[in-house]
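Q:
Number of protein chains: 2
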Amino acid sequence: MTSTRYLKIAERLATELAGRPPGSRVASEPELAERFGVGRAAARSALQELERRLLVRRVQGAGTFVNRRIDYVISHSRPPSWHATVEAAGATPRSQVKSVQRVELPAELAERLERPAGSPVHRIVRNFYIDDLLATWTEEWVPVDVAPDLDLALHAVESIDLVLRQMGRAHPVRAWCRVSFEVPPAEVLRGLGVEASVPVWLVDSVNRDAEDGRVLMSSSAWTRADAVRVVVELQEETK
Amino acid sequence: MTSTRYLKIAERLATELAGRPPGSRVASEPELAERFGVGRAAARSALQELERRLLVRRVQGAGTFVNRRIDYVISHSRPPSWHATVEAAGATPRSQVKSVQRVELPAELAERLERPAGSPVHRIVRNFYIDDLLATWTEEWVPVDVAPDLDLALHAVESIDLVLRQMGRAHPVRAWCRVSFEVPPAEVLRGLGVEASVPVWLVDSVNRDAEDGRVLMSSSAWTRADAVRVVVELQEETK
DNA sequence: CAGTGGTCTAGACCACGGG
DNA sequence: CCGTGGTCTAGACCACTGG
Numbered sequence: 035m036t037s038t039r040y041l042k043i044a045e046r047l048a049t050e051l052a053g054r055p056p057g058s059r060v061a062s063e064p065e066l067a068e069r070f071g072v073g074r075a076a077a078r079s080a081l082q083e084l085e086r087r088l089l090v091r092r093v094q095g096a097g098t099f100v101n102r103r104i105d106y107v108i109s110h111s112r113p114p115s116w117h118a119t120v121e122a123a124g125a126t127p128r129s130q131v132k133s134v135q136r137v138e139l140p141a142e143l144a145e146r147l148e149r150p151a152g153s154p155v156h157r158i159v160r161n162f163y164i165d166d167l168l169a170t171w172t173e174e175w176v177p178v179d180v181a182p183d184l185d186l187a188l189h190a191v192e193s194i195d196l197v198l199r200q201m202g203r204a205h206p207v208r209a210w211c212r213v214s215f216e217v218p219p220a221e222v223l224r225g226l227g228v229e230a231s232v233p234v235w236l237v238d239s240v241n242r243d244a245e246d247g248r249v250l251m252s253s254s255a256w257t258r259a260d261a262v263r264v265v266v267e268l269q270e271e272t273k
Numbered sequence: 035m036t037s038t039r040y041l042k043i044a045e046r047l048a049t050e051l052a053g054r055p056p057g058s059r060v061a062s063e064p065e066l067a068e069r070f071g072v073g074r075a076a077a078r079s080a081l082q083e084l085e086r087r088l089l090v091r092r093v094q095g096a097g098t099f100v101n102r103r104i105d106y107v108i109s110h111s112r113p114p115s116w117h118a119t120v121e122a123a124g125a126t127p128r129s130q131v132k133s134v135q136r137v138e139l140p141a142e143l144a145e146r147l148e149r150p151a152g153s154p155v156h157r158i159v160r161n162f163y164i165d166d167l168l169a170t171w172t173e174e175w176v177p178v179d180v181a182p183d184l185d186l187a188l189h190a191v192e193s194i195d196l197v198l199r200q201m202g203r204a205h206p207v208r209a210w211c212r213v214s215f216e217v218p219p220a221e222v223l224r225g226l227g228v229e230a231s232v233p234v235w236l237v238d239s240v241n242r243d244a245e246d247g248r249v250l251m252s253s254s255a256w257t258r259a260d261a262v263r264v265v266v267e268l269q270e271e272t273k
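Going down the list, the protein sequences come from chains S and B.
For the first sequence, my numbering gives the first residue as 35, with consecutive numbering after it.
For the second sequence, my numbering gives the first residue as 35, with consecutive numbering after it.
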């Protein structure tokens with residue numbers, strides 16, 4: 035076996051935590067140090083190892099807790115829904131509109147939205163939660179001509195999809211999607227409420243209208259990897 | 035700005051490292067401690083922060099070095115090639131067959147290979163390197179009936195694709211593919227030469243024959259995230 | 001062999017969360 | 001307020017890599 039003490043402790047704790055329900059408390063650093071007869075540093079290392087394995091989540095001032103991780107499958111066949119996915123995993127979803135602004139379309143997004151740079155668009159920032167834990171931070175762009183009063187409407191209805199269908203008389207479908215895993219820029223880290231650099235999922239996508247094919251929305255979703263396991267499935271068309 | 039010292043040091047180093055070529059040496063912990071007038075622990079934390087950002091790679095006994103990260107794009111349109119991708123990034127690829135065994139098909143793979151559990155298959159384990167750094171560990175499964183003497187042939191030719199085309203008179207194409215990001219089991223960590231738990235890419239795929247559609251091969255590729263940035267692109271069929 | 005990063009101790013102070 | 005995790009010091013030993 036490994037000779038390092040903190041890995042042995044981590045191994046031991048991992049088996050003990052196996053059946054515990056998400057959110058339940060894990061022993062604190064001083065408790066573990068005393069229990070295993072090591073210094074606080076070794077106990078701390080063990081808990082950090084469990085955090086790297088995504089088995090626990092640590093919150094300064096509060097403690098260490100058993101983590102819950104949700105599967106999120108992206109594929110051609112199924113159109114994704116945050117609420118449905120989270121609920122299917124037995125957790126409670128929530129989303130919150132942080133801001134809606136009318137801005138000029140940044141040049142780097144012009145091609146994706148198929149609109150000239152500088153044309154008026156809505157920029158929507160939203161947070162998504164699992165069991166009141168912030169898991170996803172999104173930035174979404176909707177041309178003003180698609181839904182002129184989107185900013186007002188979003189105060190009443192939180193669902194962009196709904197607003198587009200009603201106000202924009204549109205039928206949005208996902209036309210393109212790119213998934214990667216990034217070390218996010220500082221702004222996103224702040225948005226996600228993360229201190230040190232943690233890699234997170236980045237899902238970029240473009241929605242078009244099912245009928246006339248015009249671009250309705252482009253979005254970037256940054257998701258904490260300790261909260262969600264993203265799975266992408268590709269299938270070739272069967273000839 | 036942040037008040038923590040090690041983050042300031044990390045920030046400073048990050049800008050200094052920006053233009054440096056991959057593989058070049060970074061100051062050691064004691065050097066940094068002296069330079070910034072901090073203890074070794076703080077200097078160490080700064081380097082670990084850079085490691086989390088995938089900017090450097092640390093090797094016990096050797097030192098800390100500027101990291102190189104390669105993009106690997108998976109999409110419908112382009113069939114992937116390890117060698118081509120690595121070379122396109124300006125690095126040198128290498129692969130090595132670790133073992134080829136005749137084994138009975140494990141039950142959990144029966145469905146994927148469309149063969150009964152227990153039927154004879156070849157299990158091939160291979161390593162893939164970027165600039166002589168181990169980046170990917172793969173486990174591949176080929177039914178014996180597809181290429182009976184695969185084990186012998188692989189000693190001469192390292193390319194499974196080539197062997198299948200020649201010996202199996204087959205035309206392999208990727209039929210299905212699933213990408214996720216996992217904390218790998220201990221066996222894979224050992225295969226990748228990683229100590230503590232580091233999350234890695236997992237790409238599962240199934241290859242079929244372009245003509246008759248039979249399953250030729252199933253594979254699992256585990257790839258270090260600090261070496262490769264996997265990007266998956268999904269496009270809807272344009273109606 | 002010297003120098004590197006990895007582990008560990010014993011101690012200290014701080015920022016934060018929740019009662 | 002107390003207890004939590006986060007940072008930091010000064011020191012020690014070890015495992016490993018390279019010349």
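Built from N, CA and C at the ideal position, the CB exists for glycine as well.
Nothing here was measured: the structure is a model prediction, and the numbers come from that model.
Are three or more beta carbon pairs between the stretch 78 to 90 of chain B and the stretch 245 to 262 of chain S nearer than 8 Å?
A: These segments do not touch.
Q: So, is G124/B buried or exposed, given that buried needs 16 or more other C-beta atoms within 10 angstroms?
A: G124/B should be labelled exposed.
Q: Does DSSP classify V60/S as helix, strand or coil?
A: Correct three-state label for V60/S: strand.
Q: Would you kindly work out how many angstroms separate the C-alpha atoms of Y40/S and A80/S, rounded to a whole number?
A: Cα to Cα, the separation comes out at about 5 Å.
Q: What's the call for T170/S, buried or exposed, on a 16-neighbour Cβ count within 10 Å?
A: Burial call: buried.
Q: Using 8 Å as the cut-off, can you tell me whether the stretch 239 to 248 of chain B makes contact with the stretch 205 to 223 of chain B, which would need three or more C-beta pairs spanning the two stretches below that distance?
A: Yes: at least three Cβ pairs fall under 8 Å.
Q: Do Y106/B and T119/B have their CB atoms nearer than 8 Å?
A: Against a cut-off of 8 Å, the Cβ pair of T119/B and Y106/B comes out as a contact.
Q: Quickly, what does DSSP pair Q135/B with across the bridge? List them, please.
A: Paired residue(s): R157/B.
Q: Anything in chain S within Cβ reach of W175/B, meaning under 8 Å, just list it in chain order.
A: Within 8 Å Cβ-Cβ: nothing; W175/B doesn't reach chain S, min ~19 Å.
Q: Do you know how far the Cα of R69/S is from the Cα of A96/B?
A: If you take the alpha carbons of A96/B and R69/S, they lie about 35 Å apart.
Q: Using a C-beta cutoff of 8 Å, does S133/S count as contacting chain B?
A: S133/S does not count as touching chain B.
Q: Looking at E63/S: is its Cβ nearer than 8 Å to the Cβ of R74/S?
A: In this structure, R74/S lies closer than 8 Å to E63/S by Cβ.
Q: Less than 8 Å between the beta carbons of L226/S and L168/S, yes or no?
A: Yes, the pair counts as a contact, with Cβ atoms nearer than the cut-off.
Q: According to DSSP, simplified to helix, strand and coil, what is R128/S?
A: If DSSP states are grouped into helix, strand and coil, R128/S belongs with the strands.
Q: Could you say which of P150/B, R212/B, V176/B lies nearest to L198/B if we only look at CA atoms?
A: Comparing Cα positions, the closest option is V176/B.
Q: Where does G97/S sit, in a helix, a strand or coil, going by DSSP?
A: Strand.
Q: Around the C-beta of L268/B, are 16 or more other C-beta atoms found within 10 angstroms, so that it is buried, or is it exposed?
A: Under this definition L268/B is a buried residue.
Q: For a quick check, are the C-beta atoms of V265/S and S214/B less than 8 Å apart?
A: In contact: V265/S and S214/B (Cβ atoms closer than 8 Å).
Q: Which parts of the stretch 149 to 232 of chain B are runs of the alpha helix (DSSP H), unbroken and 4 residues or longer, counting only runs that do not cross its ends?
A: Runs of the alpha helix (DSSP H) inside the stretch 149 to 232 of chain B: 184 to 190, 194 to 201, 220 to 226.
Q: Can you look up V237/B in the DSSP assignment and give me helix, strand or coil?
A: Note: V237/B maps to strand in three-state DSSP.
Q: Quick check on the DSSP output: the alpha helix (DSSP H) that includes V120/B runs from which residue to which?
A: Per DSSP, V120/B belongs to the alpha helix (DSSP H) from 116 to 122.
Q: Look up L89/S in the DSSP assignment and say whether it is helix, strand or coil.
A: Of the three classes helix, strand and coil, the one that applies to L89/S here is coil, per DSSP.
Q: Using 10 angstroms around the beta-carbon of T36/B, count the other beta-carbons present and answer buried if the total reaches 16, otherwise exposed.
A: The residue is exposed, with fewer than 16 neighbouring Cβ atoms inside 10 Å.
Q: Does the beta carbon of G57/B sit closer than 8 Å to a beta carbon anywhere in chain S?
A: Chain S, which has no Cβ nearer than 8 Å to the Cβ of G57/B, makes this no.
Q: Please state whether DSSP places S79/B in a helix, a strand or coil.
A: S79/B: helix per DSSP, three-state reduction.
Q: Measure from the C-beta of A255/B to each C-beta in chain S and report whether the shortest distance is under 8 Å.
A: Closer than 8 Å: no.
Q: Could you give the first and the last residue of the continuous alpha helix (DSSP H) run that contains E142/B?
A: Counting along the chain, the alpha helix (DSSP H) containing E142/B begins and ends at 141 to 147.
Q: Using 8 Å as the Cβ pair cut-off and three pairs as the minimum, do the stretch 133 to 151 of chain S and the stretch 180 to 189 of chain S touch?
A: Contact holds: three or more Cβ-Cβ distances are below 8 Å.
Q: Compute the distance between the beta-carbons of V155/S and V191/S, then report whether it is under 8 Å.
A: Result no, Cβ atoms of V155/S and V191/S do not sit closer than 8 Å.
Q: State the Cα-Cα distance for the pair I164/B and E138/S, rounded to the nearest angstrom.
A: Approximately 42 Å between the Cα atoms of the pair.
Q: Can you find a CB in chain B that lies within less than 8 Å of the CB of I108/S?
A: Taking Cβ atoms only, chain B reaches closer than 8 Å to I108/S, which makes this a yes.
Q: By how many angstroms is the C-alpha of Q130/S removed from the C-alpha of L147/B?
A: Taking the straight line joining both Cα atoms gives about 44 Å.
Q: For chain S, find out if any of its Cβ atoms is closer than 8 Å to the Cβ of L88/B; answer yes or no.
A: Chain S, which has a Cβ nearer than 8 Å to the Cβ of L88/B, makes this yes.
Q: Pull up the distance between the alpha-carbon of P113/S and that of E145/S, whole angstroms please.
A: Rounded to the nearest angstrom, the two C-alpha atoms are 24 Å apart.
Q: Suppose you measure from the CA of V60/S to the CA of R263/S; what does that come to, to the nearest Å?
A: Taking the straight line from one Cα to the other gives about 22 Å.
Q: With a threshold of 16 other CB atoms inside 10 Å of the CB of T98/S, please say whether the residue is buried or exposed.
A: When all chains shown are included, T98/S counts as buried.
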